[in-house]
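With the numbering used here applied, the sequence shown corresponds to residues 1499 to 1577, in that order.
Where a beta carbon is used, it is the ideal one built from N, C-alpha and C, also for glycine.
Just so it is clear, the structure is predicted and the values come from calculations on it, not from any experiment.
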Amino acid sequence: MQVCVKLFGTLSNQWPDYDHEKGLIIELPEGAIINDLINSLKLGSSRIGMVCINNQKVNPDDTLIAEAEISIFQPICGG
């Protein structure tokens, strides 16, 4: 299945040609979960603050949806 991944903050730095409007199209097997996607992107869980599927916050063990837009945010702090 394919998903569209949008990376926020500095997460996109490892892809020099990353297009912030188009994101990345990633191919994963049916039944893949969020952690499978994170591992395939080699982002490391410590760099991930929040993940959304179609604008809904999800957990690392939630199943991906084919053709979904996955937004991945780095941890954010401040006051």
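Environment of residue i [buried if 16+ CB atoms lie within 10 Å]
i, result
"serine 1538", "exposed"
"isoleucine 1532", "buried"
"serine 1510", "buried"
"isoleucine 1568", "buried"
"lysine 1555", "exposed"
"isoleucine 1536", "buried"
Bridge partners - residue i, DSSP secondary structure assignment
i, result
"lysine 1504", "Ser1569"
"leucine 1522", "Val1503"
"cysteine 1550", "Lys1555 and Ser1569"
"isoleucine 1574", "Note: isoleucine 1574 sits in no beta bridge, so no partner."
For residue j and residue i, the rounded distance between their alpha carbons
i, j, result
"valine 1549", "proline 1514", "22 angstroms"
"phenylalanine 1571", "glycine 1521", "13 angstroms"
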